[in-house]
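Here's the structure, in structure tokens; my notes come after.
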Amino acid sequence: MRRLVAHLAAGALLLAPIGCGLGAGKAPTSVQLLVTRDFGAEVMRLDRAPHVQGQETVMSLLLRNHHVRTRYGGAFVQGIDGLSGGEEAGHAVDWFYYVNGVEASKGAAATNVNAGDHIWWDRHDWSVTNDVRAVVGSFPQPFLNGIGGKRLPVRIECASVSARACRAVTDALRARGVPAGIAGLGSSGETQSLRVLVAPWSRIDGDPGAESIGRGPRASGVYARFSAAG
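All the letters of the sequence shown, read from the start, carry residue numbers 307 to 536 under my numbering.
Printed below as a string of structure tokens:
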């Protein structure tokens, strides 16, 4: 089985790291905050227990634990701990964030942090694409805690449900506490679910969830390609 690895893609005001939470509300527990650069190649800092105070947003959590520069009225992160976006070696670079491995759908100040969330900020070159929908480095998220505080059903679809590759994926997820169902390729099921496809590329290249990979990172956000042998 070939493992597909997708690299993560994530006028200034200097703000103190204390930041502000949303105030009232229960502080999220078991949160992790990761800050990296260059598609995760260099870890700048990993906080396995960042400081939280009341209900936090992704932005307030970052402000509380790092030195942050923003622009556009505080809605856009320009720099973290002295590393800024802009241009590098002729390419556009900026900060992007992911919650439980999933690309942000809203601004950081509008996204609440839920218990168990893995928050990942990365500064990288987005000249090829600024749309990287999901990243693998937060595993076992989003399978464990889901998206937006909602845990989603997980379905493993295998070319052969009795094959070693299918068993290996199933065992890996269940060992992390993920209750995953098993089915054959193309099986009908929950529309709001997380699907894991285990098969040679020739069997899944037409799947709606996978076909964009064949069109390169500009279309899919996946910085990897299958070999000619599949």
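Glycine included, each C-beta is placed from N, C-alpha and C at the ideal position.
As the structure is a prediction and not an experimental result, all values here were calculated from the model.
- Taking a cut-off of 8 Å for Cβ pairs, the region 469 to 485 and the region 510 to 529 do not touch, as fewer than three such pairs fall below it.
- Going by DSSP, W427 is part of the beta strand (DSSP E) stretching over 424 to 431.
- Looking at the DSSP output, L389 shares a beta bridge with I386.
- Distance from the Cα of L479 is smallest, within the candidate group A440, V502, R531, for V502.
- In the DSSP annotation of this structure, the continuous segment of the alpha helix (DSSP H) that includes V475 starts and ends at 470 to 481.
- Leaving aside the five residues that flank A489 on each side, the residues in its chain whose CB is nearer than 8 Å to its CB run, in chain order, R461, I462, E463, C464, V467, G495.
- A distance below 8 Å between beta-carbons, with the five flanking residues on each side excluded, links T363 to the following residues of its chain, in chain order: G327, L328, A414, A415, A416, T417, N418, V419.
- If the five residues before and after A333 are omitted, its C-beta is found closer than 8 Å to the C-beta atoms of G327, V358, Q359, G360, Q361, E362, all from its own chain and listed in chain order.
- Given a length threshold of 3 residues, each whole run of the beta strand (DSSP E) inside the region 341 to 422 is given here in chain order: 348 to 353, 374 to 377, 382 to 386, 392 to 394, 397 to 405.
- A straight line joining the alpha-carbon of I519 with that of G452 spans about 23 Å.
- One alpha carbon belongs to E409, the other to A440, and they sit about 6 Å apart.
- Here the alpha carbon of Q498 sits roughly 25 Å from the alpha carbon of R521.
- The beta carbon of H424 is closer than 6 Å to those of Q338, N406, S444, Q447 in its chain, skipping five residues each way along the sequence.
- In the three-state reduction of the DSSP assignment, R461 falls in the strand class.
- If you draw a straight line from the Cα of Y403 to the Cα of W426, it comes to about 5 Å.
- When secondary structure is reduced to three states using DSSP, R501 falls in the strand class.
- About 14 Å separates the Cβ atoms of D353 and H373, ruling out a contact at the 8 Å cut-off.
- Taking the C-beta atoms as reference points, R375 is found nearer than 8 Å to Q384.
- Separation of D428 and Y529 (C-alpha to C-alpha, rounded to the nearest whole angstrom) is 15 Å.
- In the three-state DSSP reduction, G520 falls in the helix class (H, G or I).
- For the options L368, G527, A534, A535, the alpha carbon positioned closest to that of N436 is the one of G527.
- For L389 against R343, the beta-carbon gap comes to about 6 Å, under 8 Å, which counts as contact.
- Note that the C-beta distance between V434 and R524 is below 8 Å.
- Beta-bridge annotation (DSSP): G487 is paired with R461.
- For S444, no alpha helix (DSSP H) encloses it, and the DSSP letter there is neither H nor E.
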